[in-house]
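Beneath this line is the structure, given in structure tokens, with notes to follow.
Numbering (our numbering), first residue to last: 936 to 1267.
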């Protein structure tokens, strides 16, 4: 699974299918509005997590850089690994040793993000006024749900799904090429490119339907097998058990709860549905693409994958760059 990069294929299919199946107004408004709660949640989570660590007797630098930051770094491949390389270049400690210190916070944070999402989903069921039933942005009743949630793409058509595969792979490759030119994360560039093409409406409707059908097929049939495989491959249980302490858990929980709470309350001022906004914020505390799949599937909101990927990839990239720069300033 690692060598084949099936996770990236899965995410590319879900992202492209979700974006091309969405109402354009909802898509653009959602992507821009979520930037504010994402950044605000990140800053508040770092502050609260560090403060909790200091209160519990930990050194503030160790808490901030080795416990709080990994939770918000955007996963292992795109977050922990580049973060460990940056830390290693600054501190002189081997990157392998740093990875072992950083990964447990990411895994534990991912677990509590999933737990928070399950509670949010239950809260949304009991209090429908706080939930958009899968819709991130509040708009008029005539456009109340994204097209991705409607069964208007017809019966599954292998030819149309083939066009969807071609579209998803093309956008993924384009994102990778642009990453080499810009240095920006490829998955985020793929999302921006797909959203731009959707906004211009230059992709034929049949191809959009094919991408939507592919999204439904992949999410319905591959989500649980993928989660099982990723759990076996990406979770180093030995490292997790070695760092377990109640103080460690409290700090990580405070980071996740702060991030989710900020997303929930700030969304009300941005005309967004609180439950969906909080779930996207929870993805920011997850384990990259693996966490996004687990978190969104827990709440049965896989159509939010484009927004989750932006929160994870863009938020993680901002966290890694910012915290590496701050650590360099401290050590200089």
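We put the beta carbon where it would ideally sit given N, CA and C, even for glycine.
Q: List in chain order: all unbroken beta strand (DSSP E) runs of 3+ residues lying wholly within the segment 1010–1056.
A: For the segment 1010–1056, not a single whole beta strand (DSSP E) run of length 3 or above is found.
Q: Spell out a yes or no on whether the segment 1124–1142 and the segment 949–956 are touching, meaning 3 or more CB-CB pairs, one atom from each, closer than 8 Å.
A: Enough Cβ pairs lie closer than 8 Å, so yes.
Q: Could you check if residue 1187 is buried or exposed, using at least 16 other CB atoms within 10 Å of its CB as the buried criterion?
A: Result: buried.
(Q) So, under 8 Å CB-CB, residue 987 and residue 1189 are touching, yes? Tell me the CB distance rounded to an integer number of Å. (A) Residue 987 to residue 1189, Cβ: 4 Å. Contact.
Q: Following the continuous alpha helix (DSSP H) through residue 1062, name the residue where it begins and the one where it ends.
A: That residue, residue 1062, is in no alpha helix (DSSP H); it is neither H nor E in DSSP.
Q | Pairwise C-alpha distance: residue 1018 and residue 1232 | A | Roughly 28 Å between the two C-alpha positions.
Q | Alpha-carbon spacing of residue 1000 relative to residue 1259, whole angstroms | A | Looking at the two C-alpha atoms, the distance is approximately 9 Å.
Q: Could you pull out every residue in the same chain whose Cβ sits closer than 6 Å to the Cβ of residue 1121, ignoring the five residues on either side in sequence?
A: If we look at residue 1121 and ignore the five residues flanking it on each side, its Cβ neighbours are 1110, 1111, 1114.
Q.
In the DSSP assignment, the alpha helix (DSSP H) including residue 1143 goes from what residue to what residue?
A. Where residue 1143 is concerned, the enclosing alpha helix (DSSP H) starts and stops at 1140–1156.
(Q) Taking the alpha helix (DSSP H) that residue 1183 belongs to, which residues open and close that run? (A) Run containing residue 1183: 1181–1201, per the alpha helix (DSSP H) assignment.
(Q) For the segment 972–991 against the segment 1238–1258, do three or more pairs of beta-carbon atoms, one drawn from each stretch, fall closer than 8 Å, so that the two count as touching? (A) Using a Cβ-Cβ distance cut-off of 8 Å, the segment 972–991 and the segment 1238–1258 are in contact, since at least three pairs of beta carbons, one from each stretch, lie closer than that value.
Q) Identify the residues that DSSP records as bridge partners of residue 1100: which are they? A) Bridge pairing for residue 1100: absent [DSSP].
Q) Counting Cβ pairs closer than 8 Å, one from the segment 1092–1103 and one from the segment 1142–1151, do we hit at least three? A) In the pairwise beta carbon analysis, the segment 1092–1103 is classified as touching the segment 1142–1151: at least three pairs are separated by under 8 Å.
Q) residue 1083: buried (16+ other C-beta within 10 angstroms of its C-beta) or exposed? A) Here residue 1083 scores only 41 on pLDDT, less than 50, and its place in the model should not be relied on; the value that follows carries that caveat. That one is buried.
Q: Drop a sphere of 10 angstroms on the beta-carbon of residue 1236, count the other beta-carbons inside from all chains shown, and report buried for 16 or more, exposed for fewer.
A: Residue 1236 sits buried, since 16 or more C-beta atoms from the chains shown fall within 10 Å of its C-beta.
Q) In chain order, what residues of the same chain lie with their CB nearer than 7 Å to the CB of residue 1262, ignoring the 5 residues before and after it? A) Cβ neighbours of residue 1262 beyond the five flanking positions: 1000, 1022, 1025.
Q) For residue 1072, which beta-bridge partners are listed by DSSP? A) The beta-bridge partner set that DSSP reports for residue 1072 consists of 1207.
Q) Are there three or more Cβ pairs, one per stretch, closer than 8 Å when the segment 981–998 is compared with the segment 1026–1033? A) By the Cβ rule, the segment 981–998 does not count as touching the segment 1026–1033, because fewer than three pairs are nearer than 8 Å.
**Q.** Nearest-angstrom Cα separation, counted from residue 1094 out to residue 1195
**A.** Using only the alpha carbons, I get a separation of about 41 Å.
Q.
With distance defined between alpha-carbon atoms, name the residue in 1241, 1014, 1043 nearest to residue 948.
A. The candidate whose alpha carbon is nearest that of residue 948 is 1241.
Q | Extent of the continuous alpha helix (DSSP H) run through residue 943 | A | Run containing residue 943: 941–955, per the alpha helix (DSSP H) assignment.
Q: Give the range of the alpha helix (DSSP H) segment to which residue 1266 is assigned.
A: It spans 1250–1266 - the alpha helix (DSSP H) in which residue 1266 sits, taken as one unbroken run.
**Q.** Close-in-space but distant-in-sequence residues of the same chain around residue 893 (CB under 7 Å, 5 per side omitted)
**A.** Within the shown structure, residues of the chain are numbered from 936 to 1267, placing residue 893 beyond reach of any answer.
Q.
Using a 10 Å radius around the Cβ and a threshold of 16 neighbouring Cβ atoms, would you call residue 1076 buried or exposed?
A. Note that residue 1076 has pLDDT 46, beneath the 50 cutoff, so the model's placement of it is unreliable and the number below is only indicative. With fewer than 16 Cβ atoms within 10 Å of its Cβ, residue 1076 is classed as exposed.
(Q) Going by DSSP in three states, residue 1236 sits in which element: helix, strand or coil? (A) In this structure, residue 1236 counts as coil in the three-state DSSP scheme.
Q | Run of the alpha helix (DSSP H) containing residue 980, from where it starts to where it stops | A | Its alpha helix (DSSP H) spans residues 970–990.
**Q.** C-beta contact flag for residue 1072 and residue 1238 at 9 Å
**A.** No, they are not a contact pair.
Q | Which listed residue (943, 942, 959) has its alpha carbon closest to that of residue 1138 | A | For the residues 943, 942, 959, the minimum Cα distance to residue 1138 belongs to 959.
Q) According to the neighbour-count rule (16 or more other Cβ atoms, all chains shown, within 10 Å of its Cβ), is residue 942 buried or exposed? A) It is buried - the Cβ of residue 942 has at least 16 other Cβ atoms within 10 Å.
Q | Option in 1048, 1002, 1034 with minimal Cα separation from residue 1016 | A | Among 1048, 1002, 1034, the Cα nearest to that of residue 1016 is on 1034.
(Q) Alpha carbons only, please: which of 997, 1051, 1011, 1142 is nearest the one belonging to residue 1193? (A) By alpha-carbon distance to residue 1193, the top candidate from 997, 1051, 1011, 1142 is 1051.
Q: Closer than 7 Å by C-beta to residue 1203: which residues in its own chain qualify, once you throw out the five before and the five after it? Chain order, please.
A: Result list for residue 1203: 1209, in chain order.
Q) Going by other Cβ atoms of all chains shown within 10 Å of its Cβ, with 16 needed for buried, is residue 935 buried or exposed? A) The requested residue 935 does not occur in the structure, where the chain is confined to residues 936 to 1267.
Q: Would you identify the three-state DSSP class for residue 1216, choosing helix, strand or coil?
A: Residue 1216 sits in a helix when the DSSP states are folded into three classes.
Q: Quick one: grab the DSSP three-state call for residue 1124.
A: The three-state secondary structure of residue 1124, taken from DSSP, is helix.
Q: Measure the alpha-carbon distance for residue 1043 versus residue 950 and round it to whole angstroms.
A: Note on geometry: alpha-carbon atoms of residue 1043 and residue 950 lie some 26 Å from one another.
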